[in-house]
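Just so you know, the sequences run in chain order Z and B. In terms of the working numbering, the first sequence has 83 at position 83, counting the first letter as 1, and numbering is strictly consecutive. In terms of the working numbering, the second sequence has 191 at position 50, counting the first letter as 1, and numbering is strictly consecutive.
Protein chains: 2
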Amino acid sequence: MKLNQKDELLIVSSLRDAGVRVTKQRVALLYILDNAKDHPDAIELYKRASEVEPTISLATVYRTLSVLIEAKVVHRHSFEGGGARFEKAKRLHHDHIVDLNTGEVIEFNSEIIEKIQFEIAAEMGYELIHHKLELYCRKIN
Amino acid sequence: MKLNQKDELLIVSSLRDAGVRVTKQRVALLYILDNAKDHPDAIELYKRASEVEPTISLATVYRTLSVLIEAKVVHRHSFEGGGARFEKAKRLHHDHIVDLNTGEVIEFNSEIIEKIQFEIAAEMGYELIHHKLELYCRKIN
DNA sequence: TTTATCTTTGCGAATGATTATCATTTTCGT
DNA sequence: ACGAAAATGATAATCATTCGCAAAGATAAA
């Protein structure tokens with residue numbers, strides 16, 4: 001597998017914007033994250049990134065994830081019953097429904113809940129920095 | 142440290158109600174959980190329970206926690222930046238504010254948010270089984 | 001209460017995820 | 001292209017959690 005020049009340029013400037021050095025391993029990993037439609041764990045990301053850039057190691061996957069999380073480019077999740085899973089941050093915030101039967105993760109967002117959260121935090125004397133809302137559900141029917 | 146007979150009876154019947162066998166290790170651990178005002182991790186629970194019942198081992202702490210979580214008597218949390226933390230389930234559900242400076246965890250609950258969550262899940266074709274809402278905040282002032 | 005069965009326990013080893021070490025290679029401003 | 005600083009792969013180390021097993025304990029029936 002190989003990524004085209006247009007994708008590469010986009011990823012490189014994302015890294016630059018995030019204020020981190022550009023390496024081929026980081027490009028590969030961020031490319032994989034950017035194109036993932038699911039919420040993979042570190043090993044899965046390692047496998048997928050290895051297809052693009054075989055020189056990447058698992059240690060670098062973890063290190064790069066930390067760097068990108070620090071730069072707010074990536075989010076880490078700890079859904080129930082498994083290890084950490086990752087996704088590229090998107091323009092607008094969203095929360096997650098976790099299907100208890102399949103493990104599938106679906107995104108949603110609610111302006112109203114976001115607003116109430118701010119109010120609750122303020123009432124209790126806190127400034128809300130970020131939050132996590134996870135709905136554990138089963139499909140109806 | 143030693144627990145009085147009244148406390149002991151209460152804990153024992155909680156365990157019976159939960160449908161699990163009663164052992165002195167389980168009594169000690171549930172007693173500690175019941176009296177904890179914070180959200181301790183497994184090691185901390187092990188330390189505290191050891192004061193009441195020195196024969197308890199860390200393996201049994203983990204095993205008992207699993208049993209009690211299965212029985213819905215205890216909840217497990219994975220707040221950002223640390224291992225699992227535990228608390229005894231209370232009558233009414235609540236969510237958590239995590240103080241990003243101190244790590245302190247404060248409880249709150251919002252009827253409105255709970256209601257909207259149900260609606261969102263339903264809209265997307267899901268039945269809401271349970272949920273987690275974590276607000277990561279900094280104190281104002 | 002004695003027995004018989006099934007469960008739980010402590011210990012220590014095993015596992016799985018993540019992080020640290022370190023010598024080497026790479027990035028990037030000059 | 002040069003050099004300082006940062007990133008990398010390989011592997012060892014760490015940390016939380018689980019497993020395997022022989023011994024001890026809990027429960028229900030007699």
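In this text, a Cβ means the ideal position worked out from N, Cα and C, and glycines have one as well.
- DSSP places residue 16 of chain Z in the uninterrupted alpha helix (DSSP H) bounded by 5-17.
- Taking 8 Å as the cut-off, the beta carbon of residue 246 of chain B is found closer than this to the beta carbon of residue 220 of chain B.
- Each residue's CA atom was taken as its position, placing residue 68 of chain Z and residue 23 of chain Z some 13 Å apart.
- DSSP places residue 217 of chain B in the uninterrupted beta strand (DSSP E) bounded by 215-218.
- Within chain B, the residues whose beta carbon sits less than 8 Å from that of residue 108 of chain Z are 261 and 265, listed in sequence order.
- Look at the stretch 184-224 of chain B and you find these whole runs of alpha helix (DSSP H), each 4 residues long or longer: 199-211.
- Between residue 136 of chain Z and chain B, the shortest Cβ-Cβ separation is below 8 Å.
- Here DSSP, grouped into helix, strand and coil, assigns residue 106 of chain Z to strand.
- DSSP places residue 241 of chain B outside both helix and strand once states are collapsed to three, so it counts as coil.
- Membership of residue 257 of chain B in the alpha helix (DSSP H) is indicated by the continuous run 252-264.
- Inter-residue distance for residue 73 of chain Z and residue 36 of chain Z is about 14 Å (C-alpha atoms, whole angstroms).
- Sequence-distant partners of residue 250 of chain B (beyond 5 residues in either direction) whose C-beta falls short of 7 Å from its own C-beta, in its chain, are 233, 234, 235 and 236.
- Remark: C-beta atoms of residue 134 of chain Z and residue 98 of chain Z approach each other more closely than 8 Å.
- Against chain Z, the beta carbon of residue 219 of chain B has neighbours under 7 Å at 78, listed in chain order.
- Within the same chain, and ignoring the five residues on either side of residue 50 of chain Z in sequence, the residues whose Cβ sits closer than 7 Å to its Cβ are 56.
- Contacts between residue 166 of chain B and chain Z, judged by CB atoms closer than 8 Å, are missing: the closest CB pair is about 25 Å apart.
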